[in-house]
Every structure is written in structure tokens, then in C-alpha cells.
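Engineer:
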Amino acid sequence: MSLAGLFNDRWPGVALFDLDGTLVDSAPDLAAAVDRTLEQLGRKPAGIEQVRQWVGHGSPILLRRALAGRVDWEPANAADDALFNDALELFFNNYRQLNGQRAAVYPGVETCLETLRARGCRMAVVTNKPEQFVGPLLKQLGLEHYFQLVVGGDTLSTKKPDPAPLLHAMEALQGSRGTTVMIGDSAADVSAAQSAGIPCVAVTYGYNFGRSVQTLGADAVVDSLSELL
Numbered sequence: 000m001s002l003a004g005l006f007n008d009r010w011p012g013v014a015l016f017d018l019d020g021t022l023v024d025s026a027p028d029l030a031a032a033v034d035r036t037l038e039q040l041g042r043k044p045a046g047i048e049q050v051r052q053w054v055g056h057g058s059p060i061l062l063r064r065a066l067a068g069r070v071d072w073e074p075a076n077a078a079d080d081a082l083f084n085d086a087l088e089l090f091f092n093n094y095r096q097l098n099g100q101r102a103a104v105y106p107g108v109e110t111c112l113e114t115l116r117a118r119g120c121r122m123a124v125v126t127n128k129p130e131q132f133v134g135p136l137l138k139q140l141g142l143e144h145y146f147q148l149v150v151g152g153d154t155l156s157t158k159k160p161d162p163a164p165l166l167h168a169m170e171a172l173q174g175s176r177g178t179t180v181m182i183g184d185s186a187a188d189v190s191a192a193q194s195a196g197i198p199c200v201a202v203t204y205g206y207n208f209g210r211s212v213q214t215l216g217a218d219a220v221v222d223s224l225s226e227l228l
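The sequence shown begins at 0 in numbering that gives the first Met the number 0 and counts up one residue at a time.
1. Apart from the five residues on each side of it in sequence, which residues of its chain come closer than 6 angstroms, Cβ to Cβ, to residue 194?
2. Examine the Cβ distances between the region 188-203 and the region 72-90 and report whether three or more of them are shorter than 8 angstroms.
3. Using the C-alpha atoms, what's the distance from residue 71 back to residue 130?
4. Hey, is the region 29-47 in contact with the region 145-152, meaning 3+ C-beta pairs nearer than 8 angstroms?
5. Does the structure place the region 82-97 close enough to the region 107-118 that three or more beta carbon pairs sit under 8 angstroms?
6. Report all residues from its chain with a CB closer than 6 angstroms to the CB of residue 121; omit the five preceding and five following residues, and keep chain order.
7. So who's on the other strand from residue 16, going by DSSP bridges?
8. Once you ignore the five residues that flank residue 198 on each side, which residues in its own chain have a CB closer than 6 angstroms to its CB?
9. Is residue 117 helix, strand or coil by DSSP?
10. Just the C-alpha distance for residue 204 and residue 213, rounded to the nearest angstrom, thanks.
11. Which of helix, strand or coil does DSSP assign to residue 228?
12. Can you grab the Cα-Cα spacing for the pair residue 151 / residue 188, in whole Å?
13. Please report how far the alpha carbon of residue 223 lies from the alpha carbon of residue 106, in whole angstroms.
14. Kindly indicate the opening and closing residues of the beta strand (DSSP E) around residue 148.
15. By DSSP, does residue 54 sit in helix, in strand, or in coil?
16. Just to confirm, is the Cβ distance from residue 108 to residue 17 under 8 angstroms?
17. Run the CB neighbour count on residue 169, radius 10 Å, all protein chains shown included, and call it buried at 16 or more, exposed below.
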């Protein structure tokens, strides 16, 4: 499905991209940071396959899940609650050192970004990852020059699935609901786009807590961003 097909054969003027699981496979870095943190706390490492199931709602919830050992971490027990702030600080320190070392750009991403840029599309990253980690990761992987704006999970007072980050980016890039698309990999991305009133494309290869993206109600589902061209 071409992106132009979402806008009556016109290309979008603004494209908003999720980061982890959409543009970049960052799970190897995140898993390494989570496991180092757990080991520093005297716990067993979780491993990359488990961490892949926990990514998507930002670092604090990732750590909540790591401490609980499951996606459905609520309600946290009293011991984990008492440990949480120290654990999160450890994780941030570890991830700062590991960010970008093992991550990789997904196939088809750069082809899509190059084409959109050539067509004059303005692009932003809208992610739940803390903003301090976004720029360094994009730079490490050579993607930073494609984007005019980054909205992290702590840029505003709310994050996806709240629509506010999408609306903020759309307005900052002078887009409108009739010219803007959201591209992501999870229920948070699709829900945020639906609440913002803009079309959404979901990719099948990302992080959606082990569930199929086919059931999320996205306007299009693709196996590679190159399919959107």
C-alpha cells in the first residue's frame, strides 16, 4: 500500500515515525542494559527475547516489567516499588553507555526516508523513549539528518497512546489531519493516531508485546517501510 493511497494519491506533507521497533531494532541495546541492571540488583538477567516483549511504553514501564518479570506488571509489589527509582537510575546509566552499540536500522527504512525527503515530506520521530537517548541513537545509526523534530516520551507531560505528542509534532511541522501520517509498530501508535484523527500505518516486525498488529485497526499494515513507496 503506497502512502499516497492514504491521501487520494497525494504524498503526505508530514510523516511521524515511532523509533523502537519501527525505524530501529533497539532491543539488543535495551536488553543488554536491562540485564546489566538486573545483575547489579542481584537478579537473573531476562534475555533479549523477553525484553522484546516488554518494549513500547517507555523506560519506566520497561523497568517495571523487568523487575516483575512479566508484561502485566501491575500491581507492583512493595519491594519492587521501593527499588524502582534506584533501578531506573541504574538502567539509565547502563543504557547511556550501550545506546546504539548493538541496534540496527530495519531493512527498507532508509529507502523510505530518502524517498519521502525527496518528495518534500517533513518528518519527525515521535517515541516513548526518553528524549536524551533519541538524538544519540539516531546519530549513531546515521538517521538524524532525515528528521526536523524529535518528540520523546518526556518532551511533553504525556506520551503515546495519548495523542498529544502526535498533535504537537504535526503542528510544529505545519501539518494537518489531511496531510499527516503516523507510522509505528504497536497499539500505542495506532491508538494515538486514531485519537489524533490521522491515518496510521503499522509494521509487522516491531514490538507489540507478542500480539499481531493486524488486529489493531491501522489504515495499512506492511512488512517493510519500502512497501509504502
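Quick reminder that beta carbons are idealized off the backbone N, C-alpha and C, glycines included.
Structural biologist: Well, looking at it:
1. Same-chain partners within the cutoff: 162.
2. A contact between stretches requires three or more CB pairs, one per stretch, nearer than 8 angstroms, and the region 188-203 fails this requirement with the region 72-90.
3. Cα-Cα distance, rounded: 25 angstroms.
4. Inter-segment contact for the region 29-47 and the region 145-152 is absent: fewer than three beta-carbon pairs are separated by less than 8 angstroms.
5. Fewer than three Cβ pairs drawn from the region 107-118 and the region 82-97 lie within less than 8 angstroms of each other, which leaves the two stretches out of contact.
6. Contacts found: 13, 147, 172.
7. Beta-bridge pairing by DSSP links residue 16 to 124, 182.
8. Answer for residue 198: 5, 180, 218, listed in chain order.
9. If DSSP states are grouped into helix, strand and coil, residue 117 belongs with the helices.
10. Taking the straight line joining both Cα atoms gives about 11 angstroms.
11. Coil, per DSSP.
12. In a straight line, the C-alpha of residue 151 is about 13 angstroms away from that of residue 188.
13. So the alpha carbons of these two residues sit roughly 7 angstroms apart.
14. DSSP places residue 148 in the uninterrupted beta strand (DSSP E) bounded by 148-150.
15. Residue 54: coil per DSSP, three-state reduction.
16. For the pair residue 108 and residue 17, the CB atoms are not nearer than the 8 angstroms cut-off.
17. Counting other Cβ atoms within 10 Å of its Cβ, residue 169 reaches 16 or more and is therefore classed as buried.
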